[in-house]
Every structure is written in structure tokens, then in C-alpha cells.
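Input: a single structure, listed below in C-alpha cells.
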Amino acid sequence: MMLLAAAFALFAAYRGWLGGRAYGRVEAIASRTFVGLLDLQVLLGLVLYALSPIVRTGLADLGAAMGVRELRFFSVEHITGMLLALTFAHVGARRVRVASTDGAKLCQAAIWQTLAVISILVSVPWWRPLVR
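The working numbering runs 6 ahead of the 1-based position in the sequence shown.
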């Protein structure tokens, strides 16, 4: 759901920015929906992080966990990337709010949402099977 909102927010921002359109209701709703769903996703992820036996094992001996791909990924890399994405999304939302022109709003939305989505995509464990 959040990735769909991210794709739509990126589409709306780039369409407006590159097309010279005004920053309107659609772009604002798309951006707010993306940030809101990302907030919810990160909140749920933090709960799972706290409850995860993989993370607990990794954090018990962080030095040894750095040598094991799954432990390192879930104990350090995944949470870091997702929190970075959340930071990018919120910084972008703030920069959009304070931008003075429609072009600047759309440019800021496109740049910061792109950074957030890249951080999300890099932090997803694509190498793991989806269903076990």
C-alpha cells in the first residue's frame, strides 16, 4: 500500500515539476498519503523490530552479527535505511510547505520523495522469499 502511494506521489510530483504545472490538491494529497503511510509502516516496523528474534540475536553480539548477512541486515541495515527514508520524507514535506512557488514545491517533493523511495527500495530484503 505504501509503495503504491510512493509511486503515485512520485508520479504526481514529477508530472507537475517537469510539466510546469501548479502544485495542487492532487499533489498535496499524494504527498501527505505517502508520508502518512510511511509513518504507519515505520511504526509497525519498529514494533516488529522490538519483537524480532532475529534482531534480538543480532543485537546480543553485534560484532559477530556483522559477519552474518541476515543478522547484519535486520539488526542494522534495514532499520537504518527505513529511518533514513522516513527522515527524507519528512524533510521533504517540510521543504514543500515552506517553498514559495509551485515549481519549487514540486521540485522539493520530487527530490525528497525520490530519496525516500530509493532508501526504501535499497532497504527491502529482496533476496528473502516472500512466502515460506
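A virtual CB, placed ideally from N, CA and C, is assigned to each residue, including glycine. Predicted model, so just to flag it, every value in this text is computed and none were measured.
Unbroken alpha helix (DSSP H) run spanning residue i, endpoints
| i | result |
| --- | --- |
| Trp118 | Asp108 to Ser129 |
Own chain partners of residue i with C-beta closer than 8 Å, once the 5 adjacent residues on each side are dropped
| i | result |
| --- | --- |
| Leu89 | Val48 |
Residue i in three-state terms, based on DSSP
| i | result |
| --- | --- |
| Pro135 | coil |
| Ala28 | coil |
| Ser37 | helix |
| Ala56 | helix |
| Met8 | helix |
| Ala105 | coil |
| Val48 | helix |
| Gly73 | coil |
Pick from the options that is closest to residue i, judged by C-alpha positions
| i | options | result |
| --- | --- | --- |
| Val61 | Arg78, Pro135 and Ala36 | Arg78 |
| Leu9 | Pro131, Arg134 and Leu127 | Leu127 |
| Val32 | Val97, Ala66 and Phe17 | Phe17 |
| Trp133 | Thr86, Val97, Arg75 and Leu92 | Arg75 |
Close beta carbons around residue i, own chain, < 7 Å, minus the five adjacent residues each side
| i | result |
| --- | --- |
| Asp108 | Ala28 and Tyr29 |
| Met7 | Leu43 |
| Phe94 | Trp118, Leu121, Ala122 and Ser125 |
Do the region 9-23 and the region 54-73 make contact, defined as three or more Cβ pairs closer than 8 Å?
Segment contact: the region 9-23 against the region 54-73, fewer than three CB-CB distances shorter than 8 Å; contact not assigned.
### Any 3 or more C-beta pairs closer than 8 Å across the region 20-27 and the region 103-117
The answer is yes - the region 103-117 touches the region 20-27, with three or more Cβ pairs under 8 Å.
>> For the pair the region 65-72 and the region 114-124, tell me if three or more CB-CB distances fall below 8 Å.
In response: Taking 8 Å as the limit for Cβ pairs, the verdict is that the region 114-124 does not touch the region 65-72.
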